[in-house]
Structures are given as structure tokens and as C-alpha cells.
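J.: After the C-alpha cells below, expect a handful of questions from me.
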């Protein structure tokens, strides 16, 4: 009986210990680009809410730095933008969306800078409006 109780407790501890922390962004303190929770570099997810049920923004953090996918939402719950972060810098394809859900803009970051490629902007109907060539010095 004690052996089964011990195993059950161990399983519960493993499951709860593996869950990612999720806090309100306002609970974190920022200093020089690092985010802390109770004086420790934060690892987990932080959110900004429109209200009790609707997320405005969500961001993943690792060791105090944005690391993972940042997403923002319209009040109706539709995605308004997303970009990936690696060690505090934007890295990869970013997209923003019109309120109707159509793609508004897309481009690509490499280590926090727009890369030497194109930045595409779209009309609300989804048709390409312009394709801007980005040239970094």
C-alpha cells in the first residue's frame, strides 16, 4: 500500500513539476531586456488579457528572455500577429493579420533584424499590395 501511495505521489510531482508556468506579464519585472519573477529569471509563458477570458498577447520566456512564439490577438480572439524569438531576438518568419483573418504582412527576421529579403504587404482581401525588398547595410 505504501509503495502504491509513493508511486502515485511521485507521478503527481513529476506531472506538476513539468507544467510550464503561466503568469500575467504585469507580474514580471523587466530589467535590461530580462524578465524576472520574484527576483529569478522567468521561464514559462506570460499573457496580457483583454478581460478574464480573452488573451491579448502571449509570449514564452526562457531564462528571463523572450524565447519561443509571441502571439497577439484581436478582441474577437482572431490572431493579429506572431513572431518567433530565440534568446531575446526575433528570428524567423513573422506575420500580421487583418481583423478579418487575412494575411496583412509577412517578412523574415534573422537574429533581430529583417533579413535581406522581401517584406510583403497584403490588402484585406488577401491580394498582394506590395513586395518591398529589404537591404541591410
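In the working numbering, the protein residues as written are 1 to 137.
All residues carry an ideal CB built from backbone N, CA and C; glycine is no exception.
Thinking just about the alpha-carbon of each residue, which of 118, 114 and 122 is nearest to the one in residue 105?
T.: The option with the nearest alpha carbon to residue 105 is 122.
J.: Pick helix, strand or coil for residue 125, following the three-state DSSP scheme.
T.: Three-state result, residue 125: coil.
J.: Apart from the five residues just before and just after residue 35, which ones in its own chain have a Cβ nearer than 6 Å to its Cβ?
T.: Cβ within range, chain order: 28, 42, 61 and 64.
J.: Based on DSSP bridge pairs, tell me the residues matched to residue 71.
T.: BP columns for residue 71 point to 58 and 82.
J.: Spatial neighbours of residue 23 within its chain, please: CB distance less than 8 Å, with the 5 preceding and 5 following residues excluded, ordered by chain position.
T.: Closer than 8 Å at the Cβ level, and outside the excluded window around residue 23, lie 37, 42, 44, 45, 46 and 47.
J.: Please report the residue range of the beta strand (DSSP E) in which residue 95 lies.
T.: Run containing residue 95: 92-97, per the beta strand (DSSP E) assignment.
J.: Have a look at residue 115 and residue 134 and give me their C-alpha separation to the nearest angstrom.
T.: Cα to Cα, the separation comes out at about 7 Å.
J.: For chain B, is any of its Cβ atoms less than 7 Å away from the one on residue 125?
T.: No chain B appears in the structure shown, which is made up of a single protein chain.
J.: Among the candidates 71, 75 and 68, whose CA atom is the shortest distance from the CA of residue 50?
T.: Answer by Cα proximity: 75.
J.: Can you tell me which of the three DSSP states residue 87 falls into?
T.: Residue 87: coil per DSSP, three-state reduction.
J.: Give me the Cβ distance between residue 124 and residue 98, rounded to the nearest whole Å; I'm assuming they're in contact under 8 Å.
T.: Yes, they are in contact, since the Cβ atoms of residue 124 and residue 98 sit about 5 Å apart, within 8 Å.
J.: Where does residue 120 fall in DSSP's three states?
T.: Strand at residue 120.
J.: Please determine, among 33, 21 and 39, the residue with the shortest C-alpha to C-alpha distance to residue 87.
T.: Measuring from the Cα of residue 87, the nearest candidate turns out to be 33.
J.: Bridge partners for residue 133 per DSSP, in chain order?
T.: Answer is 118.
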